[in-house]
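Have a look at the structure below before the remarks.
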Amino acid sequence: MTQRIFNFSAGPAVLPVPVLEEARENLLSLGKTGIGVMEHSHRGKAFIKVLEETEAACRTLGGIPDNYKVLFLSGGASSQFFMIPMNFLGKTDTADYLVTGAWSEKAVSDAKRYGNVHIACTSKDKNFNYIPEKATYSDKPKYVHFTSNNTIFGTQFTAEPTSPADAPLICDTSSDMFCRPIDVSKYGLIYAGAQKNLGPAGVTLVIIRDDLVKAGAVDIPAMLQYRTHAENDSCYNTPPCFPIYVMGLVFKWIQSTGGLAAMQKRNEEKAGKLYSYLDGSKLFKATAAGGSRSLMNVTFVTGNQESDDKFIAFAKERGLDGLKGHRSVGGMRASIYNAFPAEGVDALITAMKDFEAK
Ligand SMILES: *Cc1c(COP(=O)(O)O)cnc(C)c1O
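Quick note on our numbering: the sequence shown kicks off at 120 and runs consecutively.
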């Protein structure tokens, strides 16, 4: 087999090797069924077991309370940008959004189609290189929405904002779900497209409190109501079977490597090494402000586009792929999700040192 290289892609992104190996085994026959995991009916015993195991693993890992549903939806995290206001935001209602990057902005623009949006804070003034310290909420927001990790700008909330009483907290955790322990009971709804930190593209994990399932609009298409999926255990229609299966393997893999606390420790070590190198470097500079830096996406520049491009090519030659930053920030971005190996971080630091010495 071709040698695997270090993949710094922001998403779809690197998956744990043991997960890929187990999935490969089961492609031709899921267990002893004689039918591959992608070929089973979603109504059959074998797949229902996969679905149940994925949900159970998610619940164990996240310590998810019983009054929350775990749903496996399609349409990507981007579909949650409209599904949330469609369900919860009436024409005359106001929802509060913390705007910390391009994904929050997209969520805002979809919410505006359904009701009023109040921007509780924004870091747009500095091209989203920091997380604002304070949010100013509207009078009685229907909900408060924020993006826990800003994939493009390399910033991350260190703790969840406190929303006003009675306003459920809703979070887009697409690029940092399960990178550290999470207190689900603080949230009304959590969503994450799988392809950054949880699995293959095609499934969106939604964790939603029972009262919000109930409160959702009833005059919208069935597929867009949370209750439809909650009442049918994510099998109202054909769910994304294969991505659900792989995501379940990823949950079990995290559990088997020590759970979320151990994951956080490894993530802090990986990111800490990189930031500490960047802070001491004469050539490279981290773009995110101290105190706002992401454990998952480390963004950095040389300050000169030609040198950036040269470094990206230099690193690629050494088997370090996917380091080009998002077009709105430029420079480099090292996405070092849960499954990204520590050796890859060391290899990147060595490459930066060697490039700097040249
Ligand atoms: C990638 C990303 C999205 C978009 O996810 P899709 O599944 O492609 O719709 C939304 N929010 C954040 C924070 C992301 O990183």
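Ideal Cβ positions, reconstructed from N, Cα and C, are used throughout, including at glycine.
Cβ-heavy atom distance, residue i to ligand 1, below 8 Å
i	result
Ser-197	yes
Ala-453	no
Ala-230	no
Asn-269	yes
Lys-477	no
Ala-349	no
Gly-438	no
Gln-314	yes
Ala-341	no
Ser-293	yes
Gly-130	yes
Proximal residues to residue i (C-beta, below 6 Å), its chain only, five neighbours per side dropped
i	result
Gln-344	Gly-335
Gln-314	Gly-130, Pro-131 and Ala-320
Phe-191	Val-322, Ser-353, Pro-358 and Ile-363
Asp-440	Ile-124 and Asn-126
Val-263	Asp-215, Ser-282, Ala-286 and Leu-288
Contact under 9 Å by Cβ, residue i with residue j
i	j	result
Ala-165	Thr-152	yes
Arg-328	Tyr-306	yes
Thr-270	Trp-222	yes
Val-325	Gly-181	no
Arg-452	Gly-463	no
His-237	Thr-219	no
Phe-297	Asn-268	no
Leu-397	Lys-389	no
Ala-407	Phe-207	no
Thr-274	Ser-447	no
Leu-442	Phe-459	no
Val-156	Ala-142	yes
Asp-291	Ala-278	no
Simplified DSSP assignment, three categories, for residue i
i	result
Leu-170	helix
Leu-217	strand
Phe-125	strand
Arg-328	strand
Thr-241	strand
Arg-412	strand
Arg-346	helix
Leu-439	strand
Gln-424	helix
Asp-473	helix
Ile-339	coil
Ile-289	strand
Gln-199	helix
Val-133	coil
Asn-248	coil
Cut-off 8 Å between Cβ atoms - residues of its own chain near residue i, not counting five sequence neighbours on either side
i	result
Met-205	Tyr-233, Ala-336, Ile-339 and Leu-343
Contacts around residue i, its chain only, beta-carbon distance under 7 Å, and the 5 residues preceding and following it disregarded
i	result
Gly-438	Ile-124 and Phe-125
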